[in-house]
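Residue numbers (the numbering used here): 16 to 418.
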C-alpha cells in the first residue's frame with residue numbers, strides 16, 4: 016500500500032482482513048494528515064441524501080463511481096465509523112458527522128486498529144516509481160530504497176495541499192510507466208476577480224450571506240454563502256459551482272458568476288422598492304430601509320455596476336437579482352480542497368487495476384473524477400479503495416502459485 020490517507024488506510028484494512036500481509040508506505044512523518052485537516056471544522060464523513068441524487072454529484076464520472084458505491088456507499092461509511100468506535104449523526108444540511116465532530120480520535124483509532132491487524136507502517140518513504148525489474152522505489156532520509164510487493168495499491172492523493180503530502184509528484188512516474196494521466200486541475204476552489212484595491216482592503220475576509228448564485232448561462236440557482244478574499248471569492252457556494260466555472264475559464268478565458276443578492280425578494284419587489292420616492296434620504300439609506308441592502312452587498316452593487324445605474328430602478332433591479340461577477344482565474348491548485356484529473360478511468364479495469372501495469376491498483380483522488388464538498392469526496396475515495404482492495408485480494412489469490 017502506497018499512500019497513508021483515508022483511501023490507503025481503508026484499502027489496507029480490507030486487505031489485512033482478507034489475510035494479506037500489508038505494509039503502508041507514506042511520504043510524510045505520519046499518516047492521515049489531509050484527513051486530519053479536513054476535520055478541523057468538523058469531520059464531514061458522508062451525506063445522507065438518497066443514493067440516486069448522491070451519485071449524480073459525480074458528474075461525468077457518475078456511471079463509474081456508481082459501481083464503486085454499490086460496493087461501499089454512504090451507509091457503509093457510517094458503518095466504518097461505528098467499527099472504529101464512533102457513532103454518527105446527520106446534520107441539518109444532510110451532512111454526516113461523528114458525534115464528537117473530530118478527526119483526531121478517529122484517525123488514532125484507525126491506525127491502532129491497523130496495527131492490531133498486523134499492518135506495518137513505513138513513513139518518510141516518498142514514491143518514485145519502479146525499478147527496471149519492477150520493485151517499488153522510495154526516497155527516504157537515508158537515500159533511495161526498494162521494496163517488492165506481490166500486489167500494490169496506490170492511493171497517493173491529488174495535487175492540492177502539498178504540505179500534507181498530496182503533491183501530485185506521482186504523475187510523471189506513472190506516465191513514464193505508460194499510464195494515461197489527465198492533467199491535475201483545481202476542484203472545489205476559489206477564484207480571482209481582480210477587485211479594486213480599495214474594495215479588497217475594506218472587504219477581504221468578510222462573508223456574503225443569504226445569497227444565491229449560478230454560472231452564467233445555466234438555469235439553476237444555488238443558495239448559500241461565500242467569502243470575499245483579497246483577490247476574489249471562495250466558500251461553500253463557490254465550491255459547489257467551481258467545476259463549471261473552471262471549465263468555462265479554461266474554454267473562454269473568463270467565467271461569469273451571477274449573484275442574486277436578495278433571493279427572498281422578487282425582481283418586481285426590488286424594482287418597486289428602488290422606484291419608491293426617497294425624499295431627503297441618501298441613496299445608501301434608501302437601499303437599507305427599503306431592501307436591507309447594506310454593507311458588503313451594497314459595496315458589490317457599487318463595484319459591479321456603473322454609476323448611472325444606481326438611481327435607475329429599471330436598470331438596477333435586474334442587476335441586484337443577477338449581479339455579474341467576472342472571474343479571471345482559478346486560485347492555485349495547491350490552495351484547492353481537491354483536484355480533478357489524474358489516472359484516466361479507461362487506464363484501469365473494473366477492479367481499478369492499471370492496464371499498463373498488472374498487479375498495481377489505484378484508489379482515491381489519484382483517479383480522474385471529482386465531486387463537491389459535503390462528504391462526497393471522502394465517500395468515493397473510500398469506495399474506490401474498497402474496489403481496489405478487493406481487486407488486489409483477488410489478484411493475490413489468482414496468482415498465489417506464482418508468487
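Cβ atoms here follow ideal geometry from the backbone N, Cα and C, with glycine treated the same way.
Considering Cα atoms alone, identify which of the options is closest to residue i.
{"i": "residue 268", "options": "295, 330 and 345", "result": "345"}
{"i": "residue 22", "options": "412, 408 and 403", "result": "403"}
{"i": "residue 221", "options": "241, 34 and 316", "result": "241"}
{"i": "residue 334", "options": "255, 263 and 312", "result": "312"}
{"i": "residue 317", "options": "338, 38, 201 and 229", "result": "338"}
{"i": "residue 393", "options": "91, 277, 33 and 211", "result": "91"}
{"i": "residue 277", "options": "60, 227 and 190", "result": "227"}
{"i": "residue 131", "options": "331, 178, 37 and 326", "result": "37"}
{"i": "residue 234", "options": "186, 159, 24 and 259", "result": "259"}
{"i": "residue 140", "options": "41, 147, 69 and 350", "result": "41"}
{"i": "residue 405", "options": "326, 161, 256 and 376", "result": "376"}
{"i": "residue 326", "options": "81, 288 and 256", "result": "288"}
{"i": "residue 371", "options": "19, 54 and 188", "result": "188"}
{"i": "residue 383", "options": "123, 74, 151 and 236", "result": "74"}
{"i": "residue 174", "options": "397, 349 and 391", "result": "349"}
{"i": "residue 107", "options": "323, 95, 129 and 62", "result": "62"}
{"i": "residue 200", "options": "239, 190 and 257", "result": "257"}
{"i": "residue 80", "options": "412, 414 and 395", "result": "395"}
{"i": "residue 149", "options": "373, 170, 72 and 224", "result": "373"}
{"i": "residue 380", "options": "331, 322, 198 and 295", "result": "198"}
{"i": "residue 330", "options": "309, 290, 138 and 192", "result": "290"}
Considering only their Cβ atoms, is the gap separating residue j from residue i smaller than 8 Å?
{"i": "residue 84", "j": "residue 102", "result": "no"}
{"i": "residue 136", "j": "residue 17", "result": "no"}
{"i": "residue 401", "j": "residue 87", "result": "yes"}
{"i": "residue 194", "j": "residue 362", "result": "yes"}
{"i": "residue 254", "j": "residue 387", "result": "yes"}
{"i": "residue 134", "j": "residue 378", "result": "no"}
{"i": "residue 20", "j": "residue 56", "result": "no"}
{"i": "residue 230", "j": "residue 272", "result": "yes"}
{"i": "residue 355", "j": "residue 170", "result": "no"}
{"i": "residue 340", "j": "residue 208", "result": "yes"}
{"i": "residue 286", "j": "residue 328", "result": "yes"}
{"i": "residue 96", "j": "residue 121", "result": "yes"}
{"i": "residue 128", "j": "residue 190", "result": "no"}
How would you label residue i, buried or exposed, when you count the other beta carbons within 10 angstroms and need 16 or more for buried?
{"i": "residue 261", "result": "buried"}
{"i": "residue 153", "result": "buried"}
{"i": "residue 182", "result": "buried"}
{"i": "residue 342", "result": "buried"}
{"i": "residue 300", "result": "exposed"}
{"i": "residue 306", "result": "buried"}
{"i": "residue 232", "result": "exposed"}
{"i": "residue 163", "result": "exposed"}
{"i": "residue 60", "result": "buried"}
{"i": "residue 416", "result": "exposed"}
{"i": "residue 275", "result": "buried"}
{"i": "residue 166", "result": "buried"}
{"i": "residue 212", "result": "exposed"}
{"i": "residue 161", "result": "exposed"}
{"i": "residue 414", "result": "exposed"}
{"i": "residue 76", "result": "buried"}
{"i": "residue 66", "result": "exposed"}
{"i": "residue 224", "result": "exposed"}
{"i": "residue 283", "result": "exposed"}
With DSSP as the reference, identify every bridge partner of residue i, one or two as the case may be.
{"i": "residue 353", "result": "202"}
{"i": "residue 219", "result": "Answer is none; residue 219 lacks a bridge partner."}
{"i": "residue 65", "result": "Paired residues: none, contrary to the question."}
{"i": "residue 87", "result": "Paired residues: none, contrary to the question."}
{"i": "residue 136", "result": "39"}
{"i": "residue 271", "result": "341"}
{"i": "residue 226", "result": "239"}
{"i": "residue 197", "result": "357"}
{"i": "residue 207", "result": "247 and 344"}
{"i": "residue 1", "result": "The shown model of the chain, from 16 to 418, leaves out residue 1, and the question about it has no answer."}
{"i": "residue 368", "result": "376"}
Just reading off the beta strand (DSSP E) that residue i is part of, what are its end residues?
{"i": "residue 249", "result": "247 to 249"}
{"i": "residue 158", "result": "158 to 162"}
{"i": "residue 375", "result": "375 to 377"}
{"i": "residue 182", "result": "Unbroken run through residue 182: none, as it is neither H nor E."}
{"i": "residue 110", "result": "110 to 113"}
{"i": "residue 60", "result": "Run containing residue 60: none; DSSP gives neither H nor E here."}
{"i": "residue 238", "result": "237 to 243"}
{"i": "residue 50", "result": "No beta strand (DSSP E) contains residue 50, which is instead part of the alpha helix (DSSP H) from 48 to 53."}
{"i": "residue 105", "result": "103 to 105"}
May I ask which residues mark the beginning and end of the alpha helix (DSSP H) holding residue i?
{"i": "residue 153", "result": "Not the alpha helix (DSSP H): residue 153 falls in the beta strand (DSSP E), residues 151 to 155."}
{"i": "residue 335", "result": "328 to 336"}
{"i": "residue 128", "result": "119 to 131"}
{"i": "residue 187", "result": "186 to 191"}
{"i": "residue 21", "result": "21 to 32"}
{"i": "residue 167", "result": "No alpha helix (DSSP H) contains residue 167, which is instead part of the beta strand (DSSP E) from 167 to 169."}
{"i": "residue 402", "result": "391 to 413"}
{"i": "residue 285", "result": "282 to 290"}
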